[in-house]
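Engineer: Sharing a structure, written as structure tokens. Questions coming.
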Amino acid sequence: FTCILALRGFKDRYPFNYLLLALTTVMSGTFWGLTRGLTDFTFHFQILAILAFTMCGAAVISSILADLETKMTGSRILVASVMPAWLVASVINAILTEMIFRLKVMEVVGAIGFS
């Protein structure tokens with residue numbers, strides 16, 4: 001989180017912003033890569049699925065909203081496209097993990113909360 005805040009602060013400084021982006025990527029990858037080795041949880045796969053579905057759904061919804069005659073501002077299009085897609089992805093995740101994988105409720109809730 002600190003790297004992301006620093007990245008926001010140094011977004012216009014050319015070599016330093018790419019170094020911060022690389023550091024953030026390595027730290028995030030290390031965290032998620034070591035999670036499976038330390039715990040028996042699979043929530044990082046659930047988060048990946050929720051975010052992937054959300055981004056695909058948000059792209060479709062924002063494309064539709066951008067073509068409407070009544071134009072919306074960028075932040076309103078963002079909220080109007082991401083939130084419904086995230087909600088659908090979270091519900092699909094909850095249903096699939098309960099029906100197929102029989103995971104614990106707190107693991108599913110944790111994955112939805114982190115996403």
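Counting in the numbering used here, the sequence shown runs from 1 upward without gaps.
The C-beta atom is built at its ideal place from N, Cα and C for all residues, glycine as well.
Keep in mind it's a predicted model, so treat the numbers as computed, not measured.
Given this structure, state the Cα-to-Cα distance separating R8 from I95, to the nearest angstrom.
Structural biologist: About 36 Å.
Engineer: Which residue marks the beginning of the alpha helix (DSSP H) containing R13, and which one marks its end?
Structural biologist: Here R13 belongs to no alpha helix (DSSP H), and DSSP marks it neither H nor E.
Engineer: Between K11 and A49, what straight-line distance do the alpha-carbon atoms span, to the nearest angstrom?
Structural biologist: Answer to the nearest angstrom: the Cα atoms are 29 Å apart.
Engineer: Measure the C-alpha to C-alpha separation of T2 and W32 and round it to an integer number of angstroms.
Structural biologist: Answer to the nearest angstrom: the Cα atoms are 17 Å apart.
Engineer: Going by DSSP, what residue range makes up the alpha helix (DSSP H) through S115?
Structural biologist: Run containing S115: none; DSSP gives neither H nor E here.
Engineer: When the Cα of V108 is compared with those of F45, P15, L34 and M83, which residue comes out closest?
Structural biologist: With distances taken between Cα atoms, V108 lies closest to F45.
Engineer: For I112, count neighbouring C-beta atoms within 10 Å of its own C-beta (all shown protein chains included) and say buried if the count is 16 or more, exposed if not.
Structural biologist: It counts as buried.
Engineer: Specify, as a first and last residue, the run of the alpha helix (DSSP H) that L87 falls within.
Structural biologist: G74 to L96 is the extent of the alpha helix (DSSP H) around L87.
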